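Note sheet for the following structure.
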Amino acid sequence: MSARARAARASPAWAQLDDAALLRLRFRDLGLKIPASPVQADLVRLGEQLERRGLRFKPHAWFSTEWFSPDGVPGIAVPFFLGHPRLLRLERRMSGEAEGGNPRWRRRILRHEVGHAVDTAFGLRRRRDWQEVFGPAAAHYSGDYTAQPRSKDFVLNLEHWYAQSHPTEDFAETFAVWLQPKARWRADYAGWPALDKLEFVDGLMSELAGHPPPKRDRSFIAPLTDNHRTLGEHYRRRAAFSGSEERYDLRLLRIFARRKTPADRAAERFLAEIKPRLTRTLLKRAHAHPYLVFQVLLAVRRRARSLDLVVRGSKRDTERQIVRLHERAIADLVRRNEESYFL
20 MSARARAARA SPAWAQLDDA ALLRLRFRDL GLKIPASPVQ ADLVRLGEQL ERRGLRFKPH
80 AWFSTEWFSP DGVPGIAVPF FLGHPRLLRL ERRMSGEAEG GNPRWRRRIL RHEVGHAVDT
140 AFGLRRRRDW QEVFGPAAAH YSGDYTAQPR SKDFVLNLEH WYAQSHPTED FAETFAVWLQ
200 PKARWRADYA GWPALDKLEF VDGLMSELAG HPPPKRDRSF IAPLTDNHRT LGEHYRRRAA
260 FSGSEERYDL RLLRIFARRK TPADRAAERF LAEIKPRLTR TLLKRAHAHP YLVFQVLLAV
320 RRRARSLDLV VRGSKRDTER QIVRLHERAI ADLVRRNEES YFL
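Our numbering applies: residue 20 is where the sequence shown begins, and numbers increase by one.
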């Protein structure tokens, strides 16, 4: 039997369904298992990296609806769409982007999440020296947090300067950089105050090497096997933000135009091109959590695609209006306390 035939035989029946039929399936009926998924190889590699550093800890993992490492359980929840290529394609169509959808991005997230799991397994956040370096873990995740893109007090692993959002995220990001294979963090962060945090993590992990973690809970939190919701219900719920999106349709239609010919330049593509510059501008001016900014950027792009909008007028004027639209959307969300949905 050829490799292609074996793969087809092993592929679940739902992988052949169209989007409409797939969206009617319940999560629990997908039957996803980590060992049979593309994520397994990354988890094995992650375990090897931890072992090479002398840590007697390997986090367990399970599929859920999003990435997270729960408080009190030293494991990692992996989003369902990384369980099969068919689900990954669906996620990209429904959301415009899949978090961890390529190997490099996925491994960065896994190293970040294992940082949280190590924190939980060894109770690191309760240590006084940890708190002196990273701050109190009980600090509030502030909705009016403003990132400082040029700050050298924090490492850079995930997008949106995530280390700056909270002490536990600062530790997880620092741990992720420290754990990178063939890491050159001493050279990469030479002269940065963030190097002191990396040196602290290096010393702390040397102290923990060879010791089993006190916390060994292998529970699964919010696993797909307990989720009776359909994929369609999941995407509709996640698109709760779409109700907010649609309020800005008139403003989008003032900025862009409806497509008339195939040659018209898609607004979605224009938004993707200016995303780096737009992100920097919003983080400086919007006074919002980077993840909230990211969600608004993504939602506006989705809406532009749904309305099949195209660019009209000058790029400069269009970009200026787009900045104002995003600032208004972010301000509305913060004012109505909807930012908690995203953080």
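Ideal Cβ positions, reconstructed from N, Cα and C, are used throughout, including at glycine.
Source: prediction; values computed, not measured.
> Skipping 5 residues on each side, what residues in its chain have a beta carbon closer than 7 angstroms to that of R284?
Replying inline: V329 and V330
>> Tell me the rounded alpha-carbon separation between Y360 and D37.
In response: Confidence at Y360 is low in this model, with a pLDDT of 32, below 50, so its placement is unreliable and the value that follows should be read with caution. Going by the C-alpha atoms only, they are around 30 angstroms apart.
> According to DSSP, is W81 helix, strand or coil?
Replying inline: strand
> Just how far apart, CA to CA, sit P186 and G222?
Replying inline: 18 angstroms
>> Here's the rule: buried if 16 or more other CB atoms are within 10 angstroms of the residue's CB, otherwise exposed. What is A158?
In response: exposed
>> Using only the alpha-carbon positions, how far apart do V196 and R203 sit?
In response: 9 angstroms
>> Between which two residues does the alpha helix (DSSP H) holding I293 run?
In response: First-last for I293: undefined, no H or E at that position.
>> Helix, strand or coil, according to DSSP, for L328 in the structure here?
In response: strand
> From this set, H253, L109, R47 and S184, which residue's C-alpha is nearest T244's C-alpha?
Replying inline: R47
>> Rounded to the nearest angstrom, what separates K171 and H179 at their Cα positions?
In response: 14 angstroms
>> Is the separation between the beta-carbon of H103 and that of S56 shorter than 8 angstroms?
In response: yes
> Ordered along the chain, which non-local residues of its own chain (more than five positions away) have a Cβ less than 8 angstroms from that of P212?
Replying inline: K171 and D172
>> Using 8 angstroms as the threshold, is the C-beta distance between R75 and P231 below it?
In response: yes
>> Suppose you measure from the CA of F100 to the CA of R43; what does that come to, to the nearest Å?
In response: 15 angstroms
> If you drop the 5 nearest sequence neighbours on each side, which residues of the same chain put their C-beta closer than 8 angstroms to that of P168?
Replying inline: W180, R299, L302 and K303
>> Suppose contacts are defined by Cβ-Cβ distances below 8 angstroms. Is P78 in contact with I95 by that definition?
In response: yes
> How many Å lie between S261 and R255 at the Cα?
Replying inline: Low local confidence applies: a pLDDT of 49 at S261 is under 50, so the model's placement there is unreliable, with the coordinate-based value given in what follows. Approximately 9 angstroms, taken between the alpha carbons.
>> Taking the alpha-carbon of A276 as reference, which of A286, R235 and Y267 has the nearest alpha-carbon?
In response: A286
>> Just verifying my parser: in three-state terms, what is the DSSP assignment at V97?
In response: strand
>> Which residue wins for smallest C-alpha separation from D327, given the options L227, P295 and L290?
In response: L290
>> I'd like to check one pair, L129 with D61: are the Cβ atoms closer than 8 angstroms?
In response: yes
> What does a CB cutoff of less than 6 angstroms around F82 pick up in its chain, not counting 5 residues either side in sequence?
Replying inline: L51, V97, F99, G102 and L243
>> Measuring straight from C-alpha to C-alpha, what distance separates P155 and R144?
In response: 8 angstroms
> Cβ atoms of F194 and V137: under 8 angstroms apart, would you say?
Replying inline: yes
> Tell me which same chain residues have a C-beta within less than 8 angstroms of the C-beta of T249, skipping the five on either side of it?
Replying inline: L42, R43, L44, R45 and F46
> Can the beta-carbon of R71 be found closer than 8 angstroms to that of A228?
Replying inline: no
> Just how far apart, CA to CA, sit S184 and P309?
Replying inline: 8 angstroms
> Given W105, which residues of its chain have a CB within under 6 angstroms of its CB, disregarding the five upstream and five downstream residues?
Replying inline: Reading the sequence as shown, one finds Arg at residue 105 and not Trp. So the list reads A34, once near-sequence residues are dropped.
> Over what stretch of residues does the alpha helix (DSSP H) that includes K216 continue unbroken?
Replying inline: A213 to L227
>> Assuming the contact rule is C-beta atoms closer than 8 angstroms, L271 and A323 should be a hit. Round their C-beta distance to whole Å, please.
In response: 6 angstroms
> Taking just the CA atoms, how far does T337 sit from S238?
Replying inline: 50 angstroms
> Mapping DSSP to helix, strand and coil, what is A117?
Replying inline: coil
>> Strictly by DSSP, which residues pair up with A286?
In response: Partner(s): none; A286 has no beta bridge.
>> Quick check on D148: buried or exposed, where buried means 16 or more other Cβ atoms within 10 Å of its Cβ?
In response: exposed
> Counting along the chain, where does the alpha helix (DSSP H) carrying A191 start and finish?
Replying inline: P186 to L198
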